[in-house]
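A.B. asks:
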Amino acid sequence: MPELNIDGKTSLYAITGKYTGFSPIPGLFNTIVSFMGYNSVMMPFDTNRYDVQMVLDALQILNCKGVYIDTPHRCDLDGLLATQTEEARISGAVNIIRADDRGYNGNNTEVKAFQKAFPKITGETLTGKKIFLIGSGGIARAIAVACAYELCEKVTFINRTQIKSRELCERINKRFGNIAFAADLNEPETIHNFYNADIIINATSAGMFPDIDNHSLPENYNFLPHHLVLDTVYNPPQTRLMRLAGTKCHRVLNG
């Protein structure tokens with residue numbers, strides 16, 4: 001493997017978030033740029049959410065070319081960017097920042113990534129599907145917007161903070177029509193939507209290492225054979241939610 005050489009002309013890229021120590025992104029980036037012969041390096045910066053602007057300002061002074069925004073800061077960038085793509089504006093979340101003469105420009109590349117990956121991984125389309133989505137953070141927002149672009153029938157959100165879910169629903173419904181709904185786990189209609197969903201997606205960090213015994217659903221929510229279950233947590237490869245789903249469902253996939 002080629003070595004990573006750093007000198008005065010090396011282009012700086014960064015990843016910032018709360019869990020950068022668990023992220024494979026810097027290692028992948030540095031391996032690829034070294035193999036391709038690019039004079040670039042990515043550095044991780046663990047960041048408190050209240051320090052995001054300070055970190056971005058410092059990186060701009062250092063002529064940082066781009067920043068990968070990791071959990072949980074993807075929804076904390078309003079007012080900090082020069083421009084945003086439509087995917088970023090609708091979702092209210094940014095995962096990639098690119099620098100140019102105007103400043104930092106935000107994108108949410110996970111929207112298109114999910115649109116492309118879902119049919120390849122599952123062999124199915126999102127069109128006409130009923131989605132039950134757990135979470136309303138950056139990953140959940142990207143998935144929801146991807147489902148909307150692919151003409152899903154309905155997205156039901158559950159989240160610890162309903163204010164966030166309602167705000168996200170307003171963003172989606174303004175662009176795509178009345179397809180997104182914020183729900184309460186304790187309401188009978190929510191349980192009905194869960195059982196009737198085609199696809200159930202955990203887009204929270206519940207079950208992520210080291211908290212591997214946690215999962216995001218109450219015990220009275222039971223999976224059914226027709227459910228396609230996706231868990232966006234990638235460490236561990238099989239979460240507790242996936243194990244529970246695997247006892248009932250034929251199709252259970254990780255992030």
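Residue numbers are given in my numbering: position 151 of the sequence shown equals residue 151, and the series is strictly consecutive. Where is the CB? At the ideal position from N, CA and C, for every residue including glycine. The model shown is predicted, which means the values in this text are computed figures rather than measured ones.
In whole angstroms, give me the CA-to-CA distance for residue 142 and residue 5.
C.D. replies: Spanning the two alpha carbons is a distance of roughly 35 angstroms.
A.B. asks: Tell me, to the nearest whole angstrom, how far the beta carbon of residue 9 is from that of residue 39; I am working on the premise that it is less than 8 angstroms.
C.D. replies: Rounded, the Cβ-Cβ distance is 6 angstroms, consistent with contact.
A.B. asks: Report buried or exposed for residue 151, applying the criterion of at least 16 other Cβ atoms within 10 angstroms of its Cβ.
C.D. replies: Under this definition residue 151 is an exposed residue.
A.B. asks: Taking the continuous alpha helix (DSSP H) assigned at residue 44, which residues delimit it?
C.D. replies: No alpha helix (DSSP H) holds residue 44; the beta strand (DSSP E) holding it covers 40-46.
A.B. asks: Alpha carbon to alpha carbon, what distance is there between residue 3 and residue 170?
C.D. replies: Their backbone Cα atoms lie some 48 angstroms apart in a straight line.
A.B. asks: If you draw a straight line from the C-alpha of residue 188 to the C-alpha of residue 220, how long is it?
C.D. replies: About 11 angstroms.
A.B. asks: Taking residue 129 as the reference, which of 135, 76, 240, 194 has the closest Cα?
C.D. replies: The shortest C-alpha separation from residue 129 is found at 194.
A.B. asks: Going by beta carbon distance, what residues of the same chain come within less than 6 angstroms of residue 139, once the five residues before and after it are set aside?
C.D. replies: Excluding positions up to five away in sequence, the list reads 203, 232.
A.B. asks: When you compare only the Cα positions, how much space is there between residue 29 and residue 252?
C.D. replies: Approximately 29 angstroms between the Cα atoms of the pair.
A.B. asks: From residue 55 to residue 69, what distance separates their C-alpha atoms?
C.D. replies: So the alpha carbons of these two residues sit roughly 11 angstroms apart.
A.B. asks: In its own chain, which residues sit with a C-beta less than 8 angstroms from the C-beta of residue 179, not counting the 5 before and 5 after it?
C.D. replies: Cβ neighbours of residue 179 beyond the five flanking positions: 148, 152, 153, 154, 155, 172, 173.
A.B. asks: Since residue 163 is in the alpha helix (DSSP H), which residue starts that stretch and which ends it?
C.D. replies: Residues 162-176.
A.B. asks: By the 10 Å Cβ neighbour count, where 16 or more other Cβ atoms means buried, how is residue 177 classified, buried or exposed?
C.D. replies: That one is exposed.
A.B. asks: Need the endpoints of the beta strand (DSSP E) that residue 130 sits in, please.
C.D. replies: Its beta strand (DSSP E) spans residues 130-134.
A.B. asks: Would you list the one or two residues that DSSP bridges to residue 50?
C.D. replies: Answer is none; residue 50 lacks a bridge partner.
A.B. asks: So, under 8 angstroms CB-CB, residue 228 and residue 161 are touching, yes? Tell me the CB distance rounded to an integer number of Å.
C.D. replies: Not quite, the Cβ-Cβ distance comes to about 26 angstroms (not below 8 angstroms), so this is no contact.
A.B. asks: Assuming residue 206 and residue 223 are in contact, meaning their beta carbons sit under 8 angstroms apart, how far apart are those beta carbons, in whole angstroms?
C.D. replies: At roughly 16 angstroms, the Cβ-Cβ gap does not stay under 8 angstroms, so residue 206 and residue 223 are not in contact.
A.B. asks: Quick one, which of 119, 96, 115, 81 has its alpha-carbon nearest residue 102's?
C.D. replies: When each option's Cα is compared against that of residue 102, the closest is 81.
A.B. asks: Distance check for residue 35 and residue 7, CA to CA, integer angstroms please.
C.D. replies: The straight-line gap from Cα to Cα measures roughly 17 angstroms.
A.B. asks: Ordered along the chain, which non-local residues of its own chain (more than five positions away) have a Cβ less than 6 angstroms from that of residue 25?
C.D. replies: For residue 25, where only same-chain residues beyond five positions count, the Cβ hits under 6 angstroms are 15, 68.
A.B. asks: Give the straight-line distance between the Cα atoms of residue 190 and residue 134, rounded to the nearest whole angstrom.
C.D. replies: About 12 angstroms.
A.B. asks: Does the beta-carbon of residue 62 have 16 or more other beta-carbons within 10 angstroms, so that it is buried, or is it exposed?
C.D. replies: When all chains shown are included, residue 62 counts as exposed.
A.B. asks: Tell me which residues share the same chain as residue 131 and place their Cβ nearer than 6 angstroms to its Cβ, disregarding the 5 neighbours each side in the sequence.
C.D. replies: So the qualifying residues of the chain are 147, 152, 155, 199.
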